[in-house]
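To start, the structure itself, in structure tokens.
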Amino acid sequence: MSRPLSALLAVLALVVATVTPARSARAADTTIPTELAGIDIEERPGALLPQKLRLRDQSGQEVELAKYAAGDKPLVLVLGYFECPMLCSLVLNGVLQAMKESAWTAGQEYRALVVSFDPRDTPEAARKKRANYIEAYGKPVTGDGFDFLVGDEASVRALADAVGFHYRWDETTEQYAHAAGAFVFTPDGRLSRTLYGISFPQKNFGLALREAGSGQVGSAWDRVLLFCFHYDPNARGYVLATRRLMMASGVVTVVLIGLWLIRFWRTERSRTRARVNEAS
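Going left to right, the sequence shown walks through residues -27 to -1, 1 to 253 as mature numbering (1 follows the signal peptide of the UniProt record, and there is no 0) numbers them.
In structure tokens:
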């Protein structure tokens, strides 16, 4: 069997072997603490990043969000606040873990952006938070590959509304009640996928990045993965595209049969010629 054909069969076998049941993904990705009842993320695929919004980065510099929708890199956006006692850290830690496990590097193949929706947070708080996470990331980050921003109430509310992220101030606890998740944008600033929860399996995180890349980044292996998986909004994650895999398997089967027939016909023709030569 030829090497290309063997490689193709190996890819298909690996895809089938590493699939996680959709039911398990649904249970893992949709768990929300009871204190967040009524606070959720509204699915808004295709929503535009409000690129004209002006916020301040960790150095105190005023920046437009358009800065993070320039070039050919997808964007991972996380909304939270820096004094959050628990949930924000869990979400950020989950995203950070997914980033560490990814074969892609922030600043090279994609950007990661953390925006505080608490107008009391300062650029200095953003700088300290970023320094901690950059150190924990453990990979060199170039340029605007992993930034932390703050802004006024109107600006951060406009950003949250644009992506369907709901939050509110709770006077009783004097904390923000908010949902848990991350948003993945295409390089031109369209919302591609929403990832839910505080843990982001590499299958979901990696495929969301590759899909958001829209073919502008990624390898042939990435395209094979995107062919075999599709996003299920009910499961809130990526699941095996059974129909696509069956079609691909059918094509491979036809090719295998064709190769076998060609080899069979050549063998028979050689035997026939040998018998004719012996008879003569």
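Backbone N, C-alpha and C define an ideal beta-carbon position, used for all residues, glycine too.
Quantities reported herein were computed from a predicted structural model and do not represent experimental measurements.
Can you look up G118 in the DSSP assignment and give me helix, strand or coil?
Indexing the sequence shown from 1 puts residue 118 at position 145. Looking at G118 - three-state DSSP - the assignment turns out to be coil, as it is neither helix nor strand.
Roughly how many whole angstroms lie between the Cα atoms of E126 and M59?
For the purposes of this step, residue 126 is taken as the residue at position 153 of the sequence shown. For the purposes of this step, residue 59 is taken as the residue at position 86 of the sequence shown. Rounded to whole angstroms, E126 to M59 spans 22 Å at the Cα level.
Would you kindly work out how many angstroms separate the C-alpha atoms of R27 and S128, rounded to a whole number?
As a working mapping, residue 27 is identified with position 54 in the sequence shown. As a working mapping, residue 128 is identified with position 155 in the sequence shown. The alpha-carbon atoms of R27 and S128 are separated by roughly 7 Å.
Please state whether DSSP places I14 in a helix, a strand or coil.
Stepping through the sequence shown from its first residue, residue 14 is reached at position 41. The DSSP-derived three-state label of I14 is strand.
With DSSP collapsed to three states, give me the class of S243.
By 1-based counting over the sequence shown, the position of residue 243 is 270. The answer is helix: DSSP assigns S243 an H, G or I state.
Thinking C-alpha only, which one of M72, A133, G124, P96 is nearest Y106?
Taking the sequence shown and counting its residues from 1, the one referred to as residue 106 is at position 133. Closest by alpha carbon: M72.
Under the three-state reduction of DSSP, which class applies to R141: helix, strand or coil?
Against the sequence shown, residue 141 aligns to sequence position 168. It is a strand residue.
Do you know offhand how far R163's Cα is from F55's?
As a position in the sequence shown, residue 163 is number 190, starting the count at 1. As a position in the sequence shown, residue 55 is number 82, starting the count at 1. Here the alpha carbon of R163 sits roughly 26 Å from the alpha carbon of F55.
Our contact map puts G44 next to P160 with C-beta atoms below 8 Å; I'd like the distance itself, whole angstroms only.
Here residue 44 corresponds to residue number 71 of the sequence shown, with the count starting at 1. Here residue 160 corresponds to residue number 187 of the sequence shown, with the count starting at 1. Indeed they touch by this definition, with Cβ atoms about 6 Å apart.
Does DSSP classify L229 as helix, strand or coil?
In the sequence shown, counting from the first residue as 1, residue 229 sits at position 256. Reduced to three states, the DSSP call for L229 is helix.
Is A79 helix, strand or coil when you go by DSSP?
For this step, residue 79 is matched to residue 106 along the sequence shown. Under the three-state reduction of DSSP, A79 is assigned to strand.
So is R209 buried or exposed if we call it buried at 16+ other beta carbons inside 10 Å?
As a first step, residue 209 must be located in the sequence shown, where it is residue number 236. Because the pLDDT at R209 is just 48, under 50, the model does not fix this residue reliably, and the point stays unresolved.
7 Å CB neighbourhood of K102 in its chain, flanking five on each side removed
As a first step, residue 102 must be located in the sequence shown, where it is residue number 129. The answer, listed in chain order, is F55, F121.
If we ignore side chains and look at the alpha-carbon of each, how far apart do G124 and P92 end up?
Indexing the sequence shown from 1 puts residue 124 at position 151. Indexing the sequence shown from 1 puts residue 92 at position 119. One C-alpha to the other measures close to 6 Å.
Go through its chain and collect everything with a Cβ distance to L182's Cβ below 6 Å, but skip five positions before and after it.
On the sequence shown, residue 182 is found 209 positions in, with the first residue counted as 1. For L182, where only same-chain residues beyond five positions count, the Cβ hits under 6 Å are P47, Y83.
Looking at the secondary structure, which residues open and close the beta strand (DSSP E) in which R166 lies?
In the sequence shown, the residue the question calls residue 166 occupies position 193. 164 to 169 is the span of the beta strand (DSSP E), which, as asked, contains R166.
From A85, W233, P23, G137, pick the residue whose C-alpha is nearest to that of residue 254; which is it?
Outside the displayed range of the chain (-27 to 253) lies residue 254, so it cannot be described from this structure.
Along the chain, which unbroken stretches of the alpha helix (DSSP H) at least 4 residues long are found entirely within the stretch 26 to 79?
Those alpha helix (DSSP H) runs which fall completely within the stretch 26 to 79 and span 4+ residues are 60 to 74.
The alpha helix (DSSP H) enclosing S128, as first and last residue numbers:
For the purposes of this step, residue 128 is taken as the residue at position 155 of the sequence shown. For S128, the enclosing alpha helix (DSSP H) covers residues 126 to 136.
For F90, which three-state DSSP category applies?
The sequence position of residue 90 within the sequence shown is 117, counting from 1. Coil at F90, not helix or strand.
Buried or exposed by the 16-neighbour rule on C-beta atoms within 10 Å, applied to L50:
Taking the first residue of the sequence shown as position 1, residue 50 is located at position 77. Burial state of L50 is buried, judged by a 10 Å Cβ sphere holding 16 or more other Cβ atoms.
Is A20 closer than 9 Å to A133 when the C-beta atoms are compared?
Here residue 133 refers to the residue found at position 160 of the sequence shown. Here residue 20 refers to the residue found at position 47 of the sequence shown. Taking 9 Å as the Cβ cut-off, A133 and A20 do not qualify as a contacting pair.
Using C-beta distances below 6 Å, list every residue in its chain close to K112, excluding the 5 sequence neighbours before and after it, in chain order.
Taking the sequence shown and counting its residues from 1, one reaches residue 112 at position 139. Same-chain partners within the cutoff: T78.
Over the uninterrupted beta strand (DSSP E) stretch that includes Q148, give me the two end residues.
Counting from one through the sequence shown, the residue named residue 148 turns up at place 175. Here the beta strand (DSSP E) through Q148 covers 148 to 151.
Backbone secondary structure at R155 - three-state DSSP:
Mapped onto the sequence shown, residue 155 falls at position 182. It should be pointed out that residue 155 corresponds to Ala in this sequence rather than to Arg. The answer is strand: DSSP assigns A155 an E or B state.
So K40 and D117 are supposed to be a Cβ contact under 8 Å. How far apart are they, rounded?
Looking up residue 40 in the sequence shown gives position 67. Looking up residue 117 in the sequence shown gives position 144. Rounded, the Cβ-Cβ distance is 6 Å, consistent with contact.
If you reduce the DSSP assignment to three classes, tell me which class A99 lands in.
What you label residue 99 is simply residue 126 of the sequence shown in a count that begins at 1. It is helical.
Starting from Q175 and walking both ways along the alpha helix (DSSP H), at which residues does that stretch end?
The count along the sequence shown starts at 1 and reaches residue 175 at position 202. From DSSP, the alpha helix (DSSP H) with Q175 extends over 175 to 186.
Buried or exposed for D143, going by 16 or more other Cβ atoms inside 10 Å?
The residue given as residue 143 occupies position 170 in the sequence shown. Its Cβ having fewer than 16 others within 10 Å, D143 is exposed.
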